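**Q** Every position in the sequence shown, counted from 1, becomes a number in this note's numbering once 149 is added. The beta-carbon is built from N, C-alpha and C at its ideal position, and this holds for glycine as well. Here the structure is a predicted model, which means the values were calculated and not measured. Structure below; questions to follow.
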Amino acid sequence: MSTLPDTLTIRPITGPDEIALFNRLPYTINHELADDLAAHRRRPEWMWVALHGDRLLARVAWWGRDGDSSPLLLDILDVDDGAEDLTEVARALYETAATQVLPAGGTPPEYGRFIPADWRADPDTHRAVRTRMSVLESTGARLTVERLRLQWSPDSGLPAPDPRLAFRPALDTDELVALMTRALDGTLDAHSRTDLGLMSPHEAAVKHYEQELATYSSPREWWRIGTVGEHGEPVGFVIPARNAYHPVIAYLGVVPEHRGHGYVDGLLAEGTRILAAEDVPRIRAATDLGNVPMAAAFARAGYVNFERAVNMAWQ
150 MSTLPDTLTI
160 RPITGPDEIA
170 LFNRLPYTIN
180 HELADDLAAH
190 RRRPEWMWVA
200 LHGDRLLARV
210 AWWGRDGDSS
220 PLLLDILDVD
230 DGAEDLTEVA
240 RALYETAATQ
250 VLPAGGTPPE
260 YGRFIPADWR
270 ADPDTHRAVR
280 TRMSVLESTG
290 ARLTVERLRL
300 QWSPDSGLPA
310 PDPRLAFRPA
320 LDTDELVALM
330 TRALDGTLDA
340 HSRTDLGLMS
350 PHEAAVKHYE
360 QELATYSSPR
370 EWWRIGTVGE
380 HGEPVGFVIP
390 ARNAYHPVIA
400 YLGVVPEHRG
410 HGYVDGLLAE
420 GTRILAAEDV
430 PRIRAATDLG
440 NVPMAAAFAR
450 AGYVNFERAV
460 NMAWQ
């Protein structure tokens, strides 16, 4: 038996004038949505609401880059947590909106949501996270990874440099992609492991470079290759950058033959130093919950786990 309200209205927002309506449900990125619309990272037709009269019961939204013909990520799915069970409302909202927003016949974009670092410890937070996940599970999505969201601030102090390492800008794309390809050997990153199940390591590295690294507008001169020895043998690389929201450590890798010597700390210290020199108030980063060595390196460098993220995907 359906539990949908008789007068349920499901529709996209009309434009920026309805951001206040859309933001009646709280979420940590609400303050970014107006700027996202202005910068064409979102579109009104990608932002949908489920209304009972003038009461907002649920909302859903996708994110993309300026110029994208279809969204790259589902990053908002919310219900009124103070109301009765709205799982069916949220599913009806998602399915109705998806048929209008997403290309027919394709795999839906991945879902990603920021959640409190202690989300399992608080019953209300745990229930809210699970409600959203169960809506998408009912449409065929499955959890792919839980990630730590990390932050460095100037109060943490700069991590110590590694005197064994020398650095040079990573200006040669072919060299960087070759290092990225080598660093994928034995990777603990869930997204990379998924890619490696579908394509060669070189293809996975090119995909990462083209879809993420090449899109940053911050200076390419910030990117660094770390080397050792008199011949400057590369041991790894670090990509400090600015995305649309924050300064970030976008990517860091150590090639297999140089792992186990602590070079990750020096690479991360160099990336942190480059961004800190820009007088930034914070630096953000993320790593998979299961990538224990990388999480430990961030902790040693003064990065704090302030939040987590869950990602779900459709096969």
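Given S283, which residues of its chain have a CB within under 7 Å of its CB, disregarding the five upstream and five downstream residues?
**A** Counting only Cβ-Cβ distances below 7 Å, and skipping sequence neighbours, we find T236.
**Q** A458: which of D311, L362, P383 and R269 sits nearest, CA to CA?
**A** The option with the nearest alpha carbon to A458 is R269.
**Q** Taking the straight line between their C-alpha atoms, what separation do you get for N172 and N179?
**A** Each residue's alpha carbon lies about 6 Å from the other.
**Q** Whole-angstrom Cβ separation of Y452 and L242, contact assumed at under 8 Å?
**A** About 36 Å separates the two Cβ atoms, so there is no contact after all.
**Q** So, at 6 Å on beta carbons, what are the nonlocal neighbours of Y365 in its own chain, with the 5 sequence-adjacent residues on each side left out?
**A** Around Y365: A390.
**Q** Classify T177 as buried or exposed, calling it buried when 16 or more other Cβ atoms lie within 10 Å of its own Cβ.
**A** With fewer than 16 other Cβ atoms within 10 Å, it is exposed.
**Q** Secondary structure at T156, three-state DSSP: helix, strand or coil?
**A** Note: T156 maps to coil in three-state DSSP.
**Q** Using 8 Å for Cβ pairs, my map puts A169 next to D230. What's the rounded Cβ distance?
**A** About 19 Å separates the two Cβ atoms, so there is no contact after all.
**Q** When you compare the segment 427 to 437 with the segment 389 to 404, are there three or more beta-carbon pairs, one atom per stretch, that lie closer than 8 Å?
**A** Short answer: they touch.
**Q** Taking the beta strand (DSSP E) that G402 belongs to, which residues open and close that run?
**A** Taken as a continuous stretch (DSSP letters only), the beta strand (DSSP E) holding G402 covers P396 to V403.
**Q** Among E361, L333 and L362, which has the Cα closest to the Cα of M348?
**A** The option with the nearest alpha carbon to M348 is L333.
**Q** Check whether the Cβ atoms of D414 and P252 sit closer than 8 Å, and answer yes or no.
**A** Result no, Cβ atoms of D414 and P252 do not sit closer than 8 Å.
**Q** If you measure between the beta carbons of D469 and A210, is that distance less than 8 Å?
**A** Residue 469 lies beyond the range of the chain shown here (150 to 464); nothing can be said about it.
**Q** Figure out for me which residue from S367, T421 and A183 has the closest Cα to the Cα of P165.
**A** Taking only the C-alpha atoms, the option nearest P165 is A183.
**Q** If contact is defined by three or more beta carbon pairs under 8 Å, each pair taking one atom from either stretch, is the segment 352 to 365 in contact with the segment 308 to 318?
**A** Cβ pair count under 8 Å is below three, so no.
**Q** Using 8 Å as the threshold, is the C-beta distance between P220 and W197 below it?
**A** Against a cut-off of 8 Å, the Cβ pair of W197 and P220 comes out as no contact.
**Q** Could you compute how far the alpha carbon of T343 sits from the alpha carbon of A247?
**A** Distance between the alpha carbons of T343 and A247 is about 24 Å.
**Q** Would T376 and R331 qualify as a contact pair, given that the criterion is a beta-carbon distance under 8 Å?
**A** It is not a contact, given that the beta carbons lie outside the stated cut-off.
**Q** Within 10 Å of its beta-carbon, does D304 have 16 or more other beta-carbons around it, so buried, or fewer, so exposed?
**A** Under this definition D304 is an exposed residue.
**Q** Could you check how far apart the C-beta atoms of E295 and L438 are, in whole angstroms? I think they sit under 8 Å.
**A** That pair is a contact at about 5 Å.
**Q** What residue range does the alpha helix (DSSP H) around R369 cover?
**A** Taken as a continuous stretch (DSSP letters only), R369 belongs to no alpha helix (DSSP H), as it is neither H nor E.
**Q** For a test of the three-state rule: what should DSSP assign to I168, helix, strand or coil?
**A** If DSSP states are grouped into helix, strand and coil, I168 belongs with the helices.
**Q** Drop a sphere of 10 angstroms on the beta-carbon of E370, count the other beta-carbons inside from all chains shown, and report buried for 16 or more, exposed for fewer.
**A** When all chains shown are included, E370 counts as exposed.
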